[in-house]
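**Q**
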Amino acid sequence: MQVMLENSATYSDVEFQVGPDGESIFGLKAIYARASEVFSKMFFEAGFREQHETSPRVVVRVEDIMPKSFRQLHRWVYDMDVTLTWDTVFGILDAARKYMVEDLELQCRRWVALEAREAAGAVGLFSAAAAGQWFQWSQALRSRVESFGAAALAACPEAIRQLPTDTFMEVLTSEDLCVAKEEDVFEAVQAWAAAADERGEDPAAAWQKMAESDVIHFPLLDMRFFAEKVVLQHRLPQEQSLLVFVSKAMGSYPARQASLLARLQLILRDCSAEDATSIIDNILEFRQENTYPQTLAHCLVQKALADYEHCSEWVSMWTELWGALRAEGLRDECVRATVDYCQNLFEEDPSPENLIGVWICPYDTLGLVRVLCKLNDSRKLAVLPLIKVLEALVRKAEDSAPQGGCTCDPVSAATELAAHLDKIRSRNGHLTALQNLGSLQQRLDAMSGHSRKKDRMLSPDREASASPRS
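Okay, so the sequence shown: first residue is 0 according to numbering that gives the first Met the number 0, each after it adds one.
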């Protein structure tokens, strides 16, 4: 296959003219047909335009995919490795979806889901999607970027430099953006404006637009920081700098508006499982606000999934937090909101445009199973919902097997959940809810064997190399 790829112009009977300039990429129809039902029908079923070509090579025009993306699809079709980067993955993903190259789509989604678990990856992917006008993908990642907050934007100057102005301003002015200190917003804007020439803009004009739009709340900056980074660098007119000093001296400037979601996420964001109980008092400060139980549930569960290796410690912290909420009459409502949130994550089918979360990321799926098991251990969740989750995981594994599996690795999560239920059966075998456990384990064993066989047959060259930057 490598020889065929390297000499594709010689060993070819199809020419793809790709992109606006029609760059030629040569291939063999049979190899493409092997990789995709779309290509198979295109080249070998009657009624398609390509069937009526009389030249030695069939010519296929592909105007809506860029050559760099199609070349990676081309390599995948020939069983060669592909390189995924922030800048290329969405073009490759769109190409894979268009031509129904399902294993490549699966690989792209898995790579994005894992990359977006880290702040730099989430910011880089979001910026690349927005710059490339893949709006459905940028929207899918925006909430993850906002949860990492202004500190992540400031820490990733290379990632944000391609962000379109309107998108950058929308994120920085969002009430859901976690902002621990205004200096992070300033540093992010300064790095973005300095790279304006790469976007075909003037750096001075880019900075001025941000400065005039109240994206940066200058009176909230530390006084010394403001003097050194703004006044001495002539970043603002003297009159405006004086107004900032006056506002600072009088204490008349309001705090940055932040949603309950942003404030709770900010408390949880940098906290380790080891120190989880230390932030309970901070979380309780917002208990009188509307939607507190539901928003708290979202934040607690997402933090546990992000730190899936320590789910048990986080659920133990929840129990202590719920105890503290008993005096406010909120304990039962917060417990129910958290349990419902967990169950809904498994019961809701993800949108085709989703790139993160349960049913997408294997660590999130496994983490949620561990959360549910711990809730069961602490008597906050019955056995029957766990059986329903196991049924959903086994069904997901079976349904996705013909397409080569799915990104969330349901077999691994189901195996861990089945082991937990098996322990319950050894102690309480009479439970009616456990009647179907045996048959589910048999189906899971069959899927586990299928997965091991598939892994042995899969060539290492079929894996996508992780290369975040182009």
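Positions of the beta carbon are idealized from the N, C-alpha and C atoms, including for glycine. Since this is a predicted model, take the numbers as computed values, not measurements.
Among all the DSSP beta bridges, which residues are the ones paired with I24?
**A** As computed with DSSP, I24 is found in a beta bridge with F15.
**Q** Give a yes or no on whether the C-beta atoms belonging to A116 and Y362 are separated by under 9 Å.
**A** Looking at the sequence itself, residue 116 is Arg, so the reference to Ala does not match. Contact flag set, yes.
**Q** Extract the residue ranges of the alpha helix (DSSP H) inside the stretch 286-363, only unbroken runs of 4 or more that lie entirely within it.
**A** The alpha helix (DSSP H) runs of length 4 or more contained entirely in the stretch 286-363 are, from start to end of the chain, 291-305, 310-324 and 330-346.
**Q** Counting only runs that start and end within the stretch 36-94, where is the beta strand (DSSP E) found for 3 or more residues in a row?
**A** 57-61 and 81-83
**Q** With a threshold of 8 Å, are at least 3 pairs of Cβ atoms found where one atom belongs to the stretch 220-230 and the other to the stretch 127-140?
**A** no
**Q** Pairs of beta-carbons, one from the stretch 315-324 and one from the stretch 353-362, closer than 8 Å: are there three or more?
**A** no
**Q** Determine whether the beta carbon atoms of A412 and T364 lie at a separation below 9 Å.
**A** yes
**Q** Round the Cβ separation of A95 and L103 to the nearest angstrom and send it over; I've been treating them as touching at under 8 Å.
**A** 4 Å
**Q** Where does G250 fall in DSSP's three states?
**A** coil
**Q** Could you pull the start and end residues of the alpha helix (DSSP H) that M99 belongs to?
**A** Element bounds for M99: n/a, residue is neither H nor E.
**Q** Considering only the alpha carbon of each residue, which of F69, G366, L436 and L430 lies closest to D408?
**A** G366
**Q** Measuring CA to CA, which of D398, E273, F285 and L267 is closest to Q471?
**A** As shown, the chain starts at 0 and ends at 469. That puts residue 471 outside it, with no answer to give.
**Q** Would DSSP call D165 helix, strand or coil?
**A** helix
**Q** Measuring alpha carbon to alpha carbon, tell me which of K40, F43, S39 and L72 ends up nearest F25.
**A** Per the Cα distances, L72.
**Q** If you count every other CB in all the chains shown that lies within 10 Å of the CB of S68, and 16 or more means buried, which is it?
**A** buried
**Q** If you measure from the CB of A8, is any heavy atom of the ligand ZN nearer than 8 Å?
**A** This structure does not include the ligand ZN; it has no bound ligands of any sort.
**Q** Tell me the rounded alpha-carbon separation between G250 and R160.
**A** 34 Å
**Q** Helix, strand or coil for P218 per DSSP?
**A** The three-state reading of DSSP puts P218 in helix, counting H, G and I together.
**Q** Taking the runs of the alpha helix (DSSP H) that are 4 residues or longer, which of them lie wholly in the stretch 110-175?
**A** Qualifying alpha helix (DSSP H) stretches, in chain order: 118-130, 134-147, 149-154, 156-159 and 164-171.
**Q** Could you tell me whether the Cβ atoms of C372 and E319 are closer together than 9 Å?
**A** Contact: no.
**Q** Identify, in the order they occur along the chain, each residue of the same chain with its Cβ nearer than 8 Å to the Cβ of N281, setting aside the five sequence neighbours on each side.
**A** Counting only Cβ-Cβ distances below 8 Å, and skipping sequence neighbours, we find I266.
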